[in-house]
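Chemist: Every letter in the sequence shown is one number past the one before it in this note's numbering, and letter 101, counting from 1, is 101.
Cβ atoms here follow ideal geometry from the backbone N, Cα and C, with glycine treated the same way.
Just dropping this structure here.
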Amino acid sequence: MILYKLKCANGHNFESWFGSSEIYEKLNKLGQIKCEFCDCNSIEKELMSPKVQVSSAEKSIGNNLLTKSHSEAEKIFREFREKIEKNTENVGRDFAKIARQIHEGNSPERSIIGEATAQETIDLIEDEIPITPLPWINRKTN
Ligand SMILES: [Zn+2]
């Protein structure tokens, strides 16, 4: 997952998560990325170059805070993941196929989780099939 700072043609700034830079490029080319404020789809990526200058004392405090918020974030993330995995059916690489079958009414309605290639993801979005990228890669499909 990559967090991009984005800017629309009208100068609004916002942030959005993408599975990869490749997915971002493809979605943007298709006009699928829209400004949160004015809905325009002329979006540009802002280059991020964080520059922070702190004294060594402040730096160690900063590091402690980072460590703390990181483990807190991991805990929330783990709970979220467990919840998802408990309530969904893992269909592995058949994800795109089965998501399409459910959407077309050819498979029972349910929540599924699985893997899709960038191209499959684009195809599903183009056909307006509701999918959500998950911020982890499932390795239990072999
Ligand atoms: Zn805008």
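If you compare alpha carbons, which of P133, N13 and A9 is closest to S42?
Modeler: In the sequence shown, the residue the question calls residue 42 occupies position 42. The option with the nearest alpha carbon to S42 is A9.
Chemist: Can you find at least 3 beta carbon pairs, one from the region 83–90 and one from the region 118–125, that sit closer than 8 Å?
Modeler: The region 83–90 vs the region 118–125: no contact.
Chemist: R81 to S71, Cα distance in whole Å?
Modeler: Your numbering for residue 81 matches position 81 in the sequence shown. Your numbering for residue 71 matches position 71 in the sequence shown. Taking the straight line joining both Cα atoms gives about 15 Å.
Chemist: So what does N90 bridge to, in DSSP terms?
Modeler: By 1-based counting over the sequence shown, the position of residue 90 is 90. DSSP lists I113 as partners of N90.
Chemist: Taking K45 as the reference, give the member of E15, E128 and L6 with the closest Cα.
Modeler: Looking up residue 45 in the sequence shown gives position 45. For K45, the nearest C-alpha among the options comes from L6.
Chemist: Buried or exposed: where does G105 fall if 16 or more other Cβ atoms within 10 Å of its Cβ makes it buried?
Modeler: For this step, residue 105 is matched to residue 105 along the sequence shown. By the neighbour-count rule (16 or more Cβ atoms within 10 Å), G105 is not buried but exposed.
Chemist: Do you know whose CA, among S20, L124, H12 and F18, lies nearest D39's CA?
Modeler: Against the sequence shown, residue 39 aligns to sequence position 39. Of the listed residues, the one whose Cα sits closest to D39 is H12.
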